[in-house]
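To convert, count from 1 in the sequence shown and add 267; that's our numbering.
Positions of the beta carbon are idealized from the N, C-alpha and C atoms, including for glycine.
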Amino acid sequence: MSRGGATGNLQTAWLVKEQLRTLLATGSLADAAAAKNRLQALVEQAAQPETNRLWRTVCRWWKEIEVLIVTGATKAKVEAHNTAIKHIKRTGRGFTNARNYKTRILLRSAARTSA
Numbered sequence: 268m269s270r271g272g273a274t275g276n277l278q279t280a281w282l283v284k285e286q287l288r289t290l291l292a293t294g295s296l297a298d299a300a301a302a303k304n305r306l307q308a309l310v311e312q313a314a315q316p317e318t319n320r321l322w323r324t325v326c327r328w329w330k331e332i333e334v335l336i337v338t339g340a341t342k343a344k345v346e347a348h349n350t351a352i353k354h355i356k357r358t359g360r361g362f363t364n365a366r367n368y369k370t371r372i373l374l375r376s377a378a379r380t381s382a
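In structure tokens:
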């Protein structure tokens, strides 16, 4: 059962969020399973649609979460590169000279790798 009032609801939702962060930071599958059980208890205590939806998402993606915990691999670098490419494309809008456009891309890329 959730705690009374808006402050109680906010506190229980915050506890759920923090437990999810703890779960994702675990270093072993055993620790992750224990953290998942604690998360489930907090979600049941919160009894809010948002936390229930979060719990369903965690359960649905559990295999992938286990892979993250074991390998530590994420898509963060790929997403960062995709964002960089989008920024370069935005920078190039308005260039009518292909050589200037290519030079701009190379300069931008070089500046990112040397920083």
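C-beta atoms of residue i and residue j nearer than 8 Å
i, j, result
"L321", "V283", "yes"
"A299", "L290", "yes"
"A280", "T293", "no"
"E346", "L296", "no"
Residue interval of the alpha helix (DSSP H) (run including residue i)
i, result
"R320", "P316 to R327"
Minimum C-alpha distance to residue i - residue among the options
i, options, result
"Q384", "A302, N364 and Q278", "The displayed coordinates of the chain run from 268 to 382. Any statement about residue 384 would go beyond what the structure contains."
"G275", "Q312, A308 and Q307", "Q312"
"W329", "A347, N349 and Q307", "Q307"
Whole-Å CB distance - residue i paired with residue j, under 8 Å assumed
i, j, result
"V325", "N319", "Going by Cβ atoms, the distance from V325 to N319 rounds to 11 Å, so no, they are not a contact pair."
"R366", "T358", "Actually they are not in contact, since the Cβ atoms of R366 and T358 sit about 15 Å apart, beyond 8 Å."
"R375", "I355", "5 Å"
Residue i beta carbon near the ligand FMN (any heavy atom closer than 7 Å)
i, result
"A302", "Among the ligands in the structure shown, none appear at all, so the ligand FMN cannot be discussed."
Report task. Tell me the start and end of each unbroken alpha helix (DSSP H) in the stretch 272 to 303 that is at least 4 residues and wholly inside, in chain order. Result -> 272 to 291
Query raised in the report: Hey, which unbroken runs of the alpha helix (DSSP H) at 4 residues or more fall wholly within the stretch 329 to 369?
Result: 329 to 338 and 343 to 359
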